[in-house]
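**Q** One structure is given below, represented as structure tokens, and several questions about it will come after.
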Amino acid sequence: MMIRPSFLSAALVCLGCSAGDAGSAWTGTVTDSAGVSIVSNSVTGVWEEGSGWTAEEDLRIGAVEGDPDYLFGHIAGICVGSDGRIFVADQGASRIAAYSEDGAFLDAFGESGSGPGELGYALGACLMGPGDTLHVYDMQNRRISRYATDGSVATSYRIDVQFGLPIVTDMRDDGRIVQQRRSFGFGGQPTVDSADAIVILDDDGGVADTLLAFPTGNTIRLTGEGQIIFFGTEPAWDLNGDGNLLYGTNDDYSIGWYDQAGALARVVRKPSQRQPFSESEQQLIGRTLEEKFREGGVPEPMLRQIMNMIEFTDAYPAYHRFLTGPRGSLWVQQVRTVNDMSDEERRALGWVIENPEVFVSDPRLPIGAPDWDVFDAEGRYLGVVTLPERFEVVRFLEDAIYGVWKDEMDVEYVMRLRVVGRV
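Under our numbering, the first residue of the sequence shown carries the number 1, and numbering increases by one thereafter.
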């Protein structure tokens, strides 16, 4: 049920050392453009071989069978209290399970329903606010519920979708909820070209302020007959410990730092060659969708309508996602292409489409590679850290990385990694 490698108890985490203490001189440049610092990196990082950070497994919670307290249906969120307790939002069970810092089960609260303290099946982010108050995102009930860590319900507030659907939810250090909202055009309405905004919510769920507005992503467009664009341009963002916003789009390896007033202060760039999304890869996805829909008995006219919705870009994204890590570092996840994998690897990683209806409603392929480019707090490229296969990062907390790992049977586990610096 729990695995805690003993050799890590003696590991020395050296994240306080200078990024260049065990590596080479940085080879990039910094220029000024109308008061904005442009940090242009080369493809060569500061770390020399064996001198950079590594990520080692520190804790695993979960099981294939046995004690139900360690069985997860679908992990929707992970958050951590000031005392190290780990809270897991389990979408499959509509509950929050609490574990000690060492992974021992402590308690569970919440149950399926729409009453006070109850949770719907569409759970999302689990966020830890000031005073160890859990904020649980519940889209089915269109609310964010606040719990004390003993499971008692504090308050809840409604998610107002009138001004857009919440796409991503996060929290600032001061406890204020930050959301990316997206507006869609329905019923033949024209597509809104600049429909996304990152907003701060007030205590009752209303929009208190807008941090940034930007063109909406174009993977899915719900206008007219609908449209699905594989590897269409999508925005990416994160908050760092200083309350600044990092923002970019995945078609360009260029990430901007915005201060709390919403002004662009820095842009970090790294040379990137987007990999082509070949015709053979497009045909593979198309054939699989058609075969699965036919196996499900979908009538031919409906099948043709669905297939006509699908378009393909000619290249993979420049990166998959990014997050802020230890000491203000920036971690950018590289992209894995279908040509990089064998048929067995594609199936193991979920590239083989098993349920086309679910796939069409959320047409995101698991293209995130285990390799992450790491930059220091000033945007200088350090090198690459490789995380475990089939591990999805949920959050960084100081030197710890919390996430969801899947075994070969797609059973989910909570996993914690430790970022270890070598000198």
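No residue lacks a Cβ here, since even glycine has one placed at the ideal position from N, Cα and C.
Could you tell me the boundaries of the alpha helix (DSSP H) in which Lys292 lies?
**A** Taking the first residue of the sequence shown as position 1, residue 292 is located at position 292. That run of the alpha helix (DSSP H) goes Glu279 to Glu295.
**Q** Run through DSSP, which three-state label would Thr191 get?
**A** Counted from its first residue, the sequence shown places residue 191 at position 191. With a pLDDT of only 49 at Thr191, under the threshold of 50, the placement of this residue in the model should not be trusted; the figure read from the coordinates follows. Residue state, collapsed to three classes: coil.
**Q** Where does Met409 sit, in a helix, a strand or coil, going by DSSP?
**A** What you label residue 409 is simply residue 409 of the sequence shown in a count that begins at 1. Three-state result, Met409: coil.
**Q** What residue from Ile229, Asp242 and Ala213 has the CA that sits closest to Ala426's CA?
**A** Given that the chain is displayed from residue 1 to residue 423, the structure contains no residue 426 and the question cannot be resolved.
**Q** Since Arg176 and Asp196 are thought to touch, with beta carbons under 8 Å apart, how far apart are those beta carbons, to the nearest angstrom?
**A** As a position in the sequence shown, residue 176 is number 176, starting the count at 1. As a position in the sequence shown, residue 196 is number 196, starting the count at 1. Actually they do not touch by this definition, with Cβ atoms about 19 Å apart.
**Q** Distance check for Ile228 and Arg294, CA to CA, integer angstroms please.
**A** In the sequence shown, counting from the first residue as 1, residue 294 sits at position 294. In the sequence shown, counting from the first residue as 1, residue 228 sits at position 228. Answer to the nearest angstrom: the Cα atoms are 19 Å apart.
**Q** Shortest alpha-carbon distance to Ile38 belongs to which of Met171, Ser254 and Met139?
**A** Residue numbering aside, residue 38 sits at position 38 when the sequence shown is read from its first letter. With distances taken between Cα atoms, Ile38 lies closest to Ser254.
**Q** Could you give the distance in angstroms between the alpha-carbon of Met504 and the alpha-carbon of Asp173?
**A** This structure cannot settle anything about residue 504, because the visible part of the chain is limited to 1 through 423.
**Q** Report the three-state DSSP secondary structure of Phe186 (helix, strand or coil).
**A** Taking the first residue of the sequence shown as 1, we reach residue 186 at position 186. For Phe186, the predicted structure reports a pLDDT of 48, less than 50, and the residue's modelled location is therefore unreliable. A value from the coordinates is still provided. Coil at Phe186, not helix or strand.
**Q** Ends of the alpha helix (DSSP H) at Arg395?
**A** Here residue 395 is taken as the residue at index 395 of the sequence shown, counted from 1. No alpha helix (DSSP H) holds Arg395; the beta strand (DSSP E) holding it covers Phe391 to Leu397.
**Q** Could you round the C-beta distance between Asp58 and Leu397 to whole angstroms and report it? I think they count as a contact, below 8 Å.
**A** Here residue 58 refers to the residue found at position 58 when the sequence shown is read from its first residue. Here residue 397 refers to the residue found at position 397 when the sequence shown is read from its first residue. About 12 Å; that fails the 8 Å criterion.
**Q** Please name the residue or residues paired with Gly129 in a DSSP beta bridge.
**A** Start at 1 with the first residue of the sequence shown, and residue 129 comes out as number 129. According to DSSP, Gly129 bridges with Thr133.
**Q** For the alpha helix (DSSP H) containing Leu303, list its first residue and its last residue.
**A** Within the sequence shown, numbered from 1, the residue matching residue 303 stands at position 303. Element bounds for Leu303: Glu300 to Asn308.
**Q** By Cβ distance below 7 Å, which residues in the same chain neighbour Val332 in space, the five residues on each side in sequence not counted?
**A** The count along the sequence shown starts at 1 and reaches residue 332 at position 332. The residues are Tyr319, Phe322, Trp372 and Asp373.
**Q** Among Asn141, Pro299, Ala377 and Cys79, which one has its Cα closest to the Cα of Pro130?
**A** In the sequence shown, residue 130 corresponds to position 130, counting from 1. Pro130 has its Cα closest to that of Cys79, out of Asn141, Pro299, Ala377 and Cys79.
**Q** If I follow the unbroken beta strand (DSSP E) through Asp376, where does it start and stop?
**A** Here residue 376 refers to the residue found at position 376 of the sequence shown. Per DSSP, Asp376 belongs to no beta strand (DSSP E) and is neither H nor E.
**Q** Is the beta carbon of Arg327 closer than 8 Å to that of Ala265?
**A** Taking the sequence shown and counting its residues from 1, one reaches residue 265 at position 265. Taking the sequence shown and counting its residues from 1, one reaches residue 327 at position 327. No, the pair does not count as a contact, with Cβ atoms beyond the cut-off.
**Q** In the DSSP assignment, find the beta strand (DSSP E) that holds Ile198 and state where it starts and stops.
**A** Along the sequence shown, read from residue 1 onward, the residue named residue 198 stands at position 198. Residues Asp196 to Leu201.
**Q** Give every residue of the same chain whose Cβ lies closer than 6 Å to the Cβ of Val419, excluding the five residues on either side of it in the sequence, and list them in chain order.
**A** Locating residue 419 in the sequence shown gives position 419, counting from the first residue. If we look at Val419 and ignore the five residues flanking it on each side, its Cβ neighbours are Trp53, Ala55, Pro326 and Asp399.
**Q** Helix, strand or coil: which one does DSSP assign to Arg142?
**A** Within the sequence shown, the letter at position 142 stands for residue 142. Three-state DSSP puts Arg142 in coil, outside helix and strand.
**Q** Just curious, the beta strand (DSSP E) that Val30 is in, first and last residue?
**A** One-based indexing of the sequence shown puts residue 30 at position 30. Its beta strand (DSSP E) spans residues Thr29 to Ser33.
**Q** Could you tell me the distance, in whole angstroms, from the CA atom of Ala122 to the CA atom of Ala93?
**A** One-based indexing of the sequence shown puts residue 122 at position 122. One-based indexing of the sequence shown puts residue 93 at position 93. Roughly 11 Å separates the two Cα atoms.
**Q** For Gly368, list the residues DSSP reports as bridge partners.
**A** Working through the sequence shown from its first residue, we reach residue 368 at position 368. Val335.
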